[in-house]
Amino acid sequence: MSEETLFEKLGVKYIEKEGIFYPLITLGEAENSTDVGKYGRMWMDYIQKEYPQRYRSLVRFGELHDKATEVNEVAYELLEDIENEWLREHKPKHSNSFVEIYQLRTQARMIAEEVVLHDLVNCFH
1230 MSEETLFEKL
1240 GVKYIEKEGI
1250 FYPLITLGEA
1260 ENSTDVGKYG
1270 RMWMDYIQKE
1280 YPQRYRSLVR
1290 FGELHDKATE
1300 VNEVAYELLE
1310 DIENEWLREH
1320 KPKHSNSFVE
1330 IYQLRTQARM
1340 IAEEVVLHDL
1350 VNCFH
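Counting from 1230, one number per residue, gives the positions in the sequence shown under my numbering.
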């Protein structure tokens, strides 16, 4: 005739390890940074290193994953816009030259990524 613990009343499950019961407690859904995208993961790493208090706050309130996903989406939109604008301004001299077009696209990507990293990913949000 033992009284239920608070955890049992709340429906928390237990796991037994070496004769001791431990409650299975998590912070909402498990943190899964694999599906937040390239720039979302980069932003999470940046925030964790540069602003650990902000990182802990986002984790505590369960907002880290959503914020990282948002940063990733905005980053790809900005990346595409910058690339397209740069390619409109820099036309190839020989429109049939694969190498020249490839070089222009590579240069556009590098410039766009630098801007995205500086203006969006490596920023406090």
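Think of the CB as a built atom: it goes at the ideal place given N, C-alpha and C, for glycine as much as any other residue.
Own chain residues within Cβ distance below 7 Å of residue i, not counting five before or after
i            : result
residue 1352 : none
residue 1338 : 1312
residue 1251 : 1243 and 1244
residue 1300 : 1268, 1269, 1272, 1349, 1350 and 1354
Buried or exposed (CB count within 10 angstroms, at least 16 for buried), residue i
i            : result
residue 1328 : exposed
residue 1268 : buried
residue 1325 : exposed
C-beta contact flag for residue i and residue j at 8 Å
i            : j            : result
residue 1345 : residue 1272 : no
residue 1333 : residue 1347 : no
residue 1342 : residue 1308 : yes
Cut-off 8 Å between Cβ atoms - residues of its own chain near residue i, not counting five sequence neighbours on either side
i            : result
residue 1280 : 1353
residue 1283 : 1276 and 1353
residue 1253 : 1241, 1242, 1243 and 1244
residue 1316 : 1333, 1334 and 1337
residue 1305 : 1266 and 1268
residue 1302 : 1266
Proximal residues to residue i (C-beta, below 6 Å), its chain only, five neighbours per side dropped
i            : result
residue 1288 : none
Residue i CB to nearest heavy atom of the ligand GTP below 7 Å
i            : result
residue 1349 : What this structure holds is no ligand at all, so the ligand GTP is not there to describe.
- In chain order, which continuous runs of the alpha helix (DSSP H) of length 4 or greater are located wholly inside the stretch 1259-1324? 1267-1279, 1281-1289 and 1293-1318
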